[in-house]
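**Q**
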Amino acid sequence: MNENDKLTFRSSWALSILTIDVLRRSGADITVASVEKQLRVDACHGVKIVADALVSDCRDAVFDLIALPGGVPGATNLKESEVLESIVKKQASDGRLNAVICASPAEALGSRGLLKGLKATCYPSFMEQLAPACATTVESRVPQDGKVVTSRGPCTTMEFAVALVEQLYGKERADEVSGPLVVTFIDNVV
């Protein structure tokens, strides 16, 4: 099974690393890809992350999940990647899972028309931008609609990641992963 978490310059490291960690705890095979021309990603607050591949190397790969972190201007950099655009559009048209958090629901999926007819959320300051891109904006922490999972921001990342495990492997595996992490869910998102 392949899952993919896309990273970009100035992305929030917490959104990226927590999602990667939880998915790897579940047994997922993760490919971390950079939309830039180099593998090293300079995340927020001086945190450095080394990606496994460039997004351009992933254009023909098939993933069960593509998860995009947020952060600013990280989400904008994701939005500006034409290669990533073709990858997430193919993911959606093939009926496979896309997941976005923080500013990325508005920037990386909403701006590409991939949230039409769906309920979605994002970081509070991007809700106005998100509204015309989806059917309904909600303030739920991790709404799931069809093959799209969205989430609000840094403090909802753990719930977001566990929701992805549940989407991929089922509730039992999600519970096995979340138990040792001492995750308390709000809104019954998982």
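Using my numbering, the first residue of the sequence shown is number 2, and each one after it goes up by one. Each residue gets a CB set at the ideal place from its N, CA and C atoms; glycine is no exception. These numbers come from a predicted model, not from an experiment.
My output table needs one value for residue 145: the three-state DSSP class, helix, strand or coil.
**A** Strand, per DSSP.
**Q** Classify residue 110 as helix, strand or coil using the three-state DSSP reduction.
**A** Of the three classes helix, strand and coil, the one that applies to residue 110 here is helix, per DSSP.
**Q** Please report the straight-line C-alpha distance between residue 124 and residue 37, rounded to a whole angstrom.
**A** Rounded to whole angstroms, residue 124 to residue 37 spans 23 angstroms at the Cα level.
**Q** Exposed or buried, what is residue 156 when buried is set at 16 or more other beta-carbons lying within 10 Å of its beta-carbon?
**A** That one is exposed.
**Q** If I measure Cβ to Cβ from residue 111 and keep anything under 6 angstroms in the same chain, skipping five residues before and after, which residues do I get?
**A** Result list for residue 111: 131, 134, in chain order.
**Q** Return helix, strand or coil for residue 122, following the three-state DSSP convention.
**A** Looking at residue 122 - three-state DSSP - the assignment turns out to be coil, as it is neither helix nor strand.
**Q** Any chance the segment 35–50 sits against the segment 92–103, with 3 or more Cβ pairs inside 8 angstroms?
**A** Short answer: they don't touch.
**Q** Can you tell me which of 115, 173, 177, 72 puts its alpha carbon nearest to the alpha carbon of residue 147?
**A** Answer by Cα proximity: 115.
**Q** To test your reading of the DSSP string, which unbroken beta strand (DSSP E) runs of 3 or more residues are found completely within the segment 12–47?
**A** List check, beta strand (DSSP E) in window: 30–35, 41–43.
**Q** Helix, strand or coil for residue 82? Go by DSSP, reduced to three states.
**A** In this structure, residue 82 counts as coil in the three-state DSSP scheme.
**Q** Grouping DSSP H, G and I as helix and E and B as strand, with all else coil, what is residue 49?
**A** Strand, per DSSP.
**Q** Quick one: give me the first and last residue of the alpha helix (DSSP H) that residue 169 is part of.
**A** Segment 158–170, the alpha helix (DSSP H) holding residue 169.
**Q** May I ask you to list the residues that DSSP assigns as paired with residue 54?
**A** The partner list for residue 54 (beta bridge, DSSP) reads 34.
**Q** Tell me the DSSP secondary structure of residue 131 in three-state form.
**A** Note: residue 131 maps to helix in three-state DSSP.
**Q** Name the residue from 63, 91, 87, 108 whose alpha carbon lies nearest to the alpha carbon of residue 70.
**A** For the residues 63, 91, 87, 108, the minimum Cα distance to residue 70 belongs to 108.
**Q** I believe residue 54 touches residue 77 by the beta-carbon criterion, under 8 angstroms. Please report the beta-carbon distance rounded to the nearest angstrom.
**A** So it is not a contact: roughly 21 angstroms between Cβ atoms.
**Q** With distances taken Cα to Cα, identify the nearest neighbour of residue 58 among 46, 18, 84, 79.
**A** If we check each option's Cα against that of residue 58, 84 comes out closest.
**Q** If I follow the unbroken beta strand (DSSP E) through residue 68, where does it start and stop?
**A** Residue 68 -> beta strand (DSSP E) spans 66–69.
**Q** Let me make sure I understand the geometry here. Which of 138, 152, 22, 17 has the alpha-carbon closest to that of residue 1?
**A** The chain is shown only over 2 to 191; residue 1 falls outside these bounds and no answer can be derived.
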